[in-house]
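Line by line, the protein sequences give chains A and B.
Count the first sequence with my numbering and you get residues 368 to 479, in order.
Count the second sequence with my numbering and you get residues 4 to 114, in order.
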Amino acid sequence: AQSVTQLDSHVSVSEGTPVLLRCNYSSSYSPSLFWYVQHPNKGLQLLLKYTSAATLVKGINGFEAEFKKSETSFHLTKPSAHMSDAAEYFCVVFVGDYKLSFGAGTTVTVRA
Amino acid sequence: DAGVTQSPTHLIKTRGQQVTLRCSPISGHKSVSWYQQVLGQGPQFIFQYYEKEERGRGNFPDRFSARQFPNYSSELNVNALLLGDSALYLCASSIQGDEQFFGPGTRLTVL
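Written out as structure tokens, the structure reads:
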């Protein structure tokens, strides 16, 4: 069965420093992977998606993720954190042609 | 362009009651999915509809049902509400089912 595991439940960074959110996936074939962000009391916003076209995927707001098949990972990074990046981030895999399966989420705190 | 819209924004019900949540997809999108997000957890898949047919169903009891209308809008119904049904209910639309765009959600509180 396809699934994702987010390795950190909480990440705290200083404003202007890099952000790294880790995600490992489990799949018997090349999966479709996504990162979504959820700000407090808001719905989910798609940051980026991987669908096998390129291993390095660029998303919105300066985020990018790299698909590494050898490590079964899809980590999300941003070179310089902004206060507005404080939110919940979900790594997601598309399963069975119709549903998204979410990781447990990583809460990002940005210190001034 | 209008995104996915959901109504109502908030809802308070008591145990045993029934509730109907509504969703309008992005124009041109034919697929609607429903997810339940309990506080502190990731969303869990409930249903997906495509072209008015149920394409998939998650591990939820039969108290949960949904339908999709000819204009591709959708309703989620929950009967015999339990305290554990308190959650944020998210609707997502997509062209065919993969890249899904979410609405702001309906916050359901069951007392």
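Glycine residues also receive a C-beta, built at the ideal position from the N, C-alpha and C atoms.
Every value quoted in this text rests on a predicted model; they were computed, and no experiment measured them.
Is any beta-carbon of chain C found at less than 8 Å from that of residue i?
i: residue 456/A; result: Protein chains A and B are contained in the structure displayed, whereas chain C is not.
Using a Cβ-Cβ cutoff of less than 8 Å, which residues in the same chain neighbour residue i once the five nearest sequence positions on both sides are dropped?
i: residue 476/A; result: 377, 378, 379, 380 and 453
i: residue 99/B; result: 33, 34 and 53
i: residue 384/A; result: 447 and 448
i: residue 104/B; result: 6, 7, 29, 32, 95, 96 and 97
In whole angstroms, what separates the C-alpha of residue i from that of residue j?
i: residue 7/B; j: residue 436/A; result: 33 Å
i: residue 20/B; j: residue 462/A; result: 33 Å
i: residue 429/A; j: residue 455/A; result: 16 Å
i: residue 479/A; j: residue 413/A; result: 26 Å
i: residue 14/B; j: residue 82/B; result: 14 Å
i: residue 61/B; j: residue 446/A; result: 37 Å
i: residue 372/A; j: residue 5/B; result: 33 Å
i: residue 408/A; j: residue 17/B; result: 22 Å
i: residue 382/A; j: residue 451/A; result: 10 Å
i: residue 109/B; j: residue 23/B; result: 10 Å
i: residue 38/B; j: residue 72/B; result: 18 Å
i: residue 438/A; j: residue 470/A; result: 17 Å
i: residue 474/A; j: residue 113/B; result: 26 Å
i: residue 467/A; j: residue 459/A; result: 6 Å
Please classify residue i as buried or exposed, where buried requires at least 16 neighbouring CB atoms within 10 angstroms.
i: residue 56/B; result: exposed
i: residue 66/B; result: exposed
i: residue 88/B; result: buried
i: residue 411/A; result: buried
i: residue 49/B; result: buried
i: residue 44/B; result: exposed
i: residue 85/B; result: exposed
i: residue 111/B; result: buried
i: residue 12/B; result: exposed
i: residue 28/B; result: buried
Give me, in chain order, the residues of the same chain whose beta-carbon lies closer than 6 Å to that of residue i; leave out the 5 immediate sequence neighbours on both sides.
i: residue 416/A; result: 401
i: residue 25/B; result: 10 and 78
i: residue 397/A; result: 419
i: residue 41/B; result: 90
i: residue 406/A; result: 454
i: residue 368/A; result: none
i: residue 374/A; result: 389
i: residue 63/B; result: 49
i: residue 1/B; result: Only positions 4 to 114 of chain B appear in the structure, and residue 1/B is not among them; the question remains open.
Kindly list the residues whose CB is nearer than 7 Å to the CB of residue i, restricted to its own chain and excluding five residues on each side of it in sequence; keep chain order.
i: residue 442/A; result: 387, 388, 389, 390, 432 and 433
i: residue 418/A; result: 399
i: residue 92/B; result: 24, 37, 39, 79, 108, 109 and 111
Where the region 402 to 418 of chain A meets chain B: residues whose CB sits under 9 Å from a CB there: 403, 405, 408, 409, 410, 411, 412, 413, 416 and 418
Cβ contact (3+ pairs, closer than 8 Å) linking the region 382 to 396 of chain A and the region 419 to 426 of chain A: no
Interface residues of the region 432 to 456 of chain A facing chain B [CB-CB below 7 Å]: none
Against chain A, which members of the region 38 to 50 of chain B pass a CB distance test of less than 8 Å? 38, 44, 45, 46, 47 and 48
Against chain B, which members of the region 374 to 401 of chain A pass a CB distance test of less than 7 Å? 399
Report the residues of the region 65 to 87 of chain B with a CB closer than 8 Å to any CB of chain A, ordered along the chain. none
Pull out every residue of the region 89 to 107 of chain B whose Cβ sits closer than 7 Å to any Cβ of chain A, in chain order. 93, 100, 101, 102, 103, 104, 105, 106 and 107
Chain B contacts from the region 459 to 477 of chain A (Cβ-Cβ distance under 9 Å): 459, 461, 462, 463, 464, 465, 466, 467, 468, 469, 470, 471 and 472
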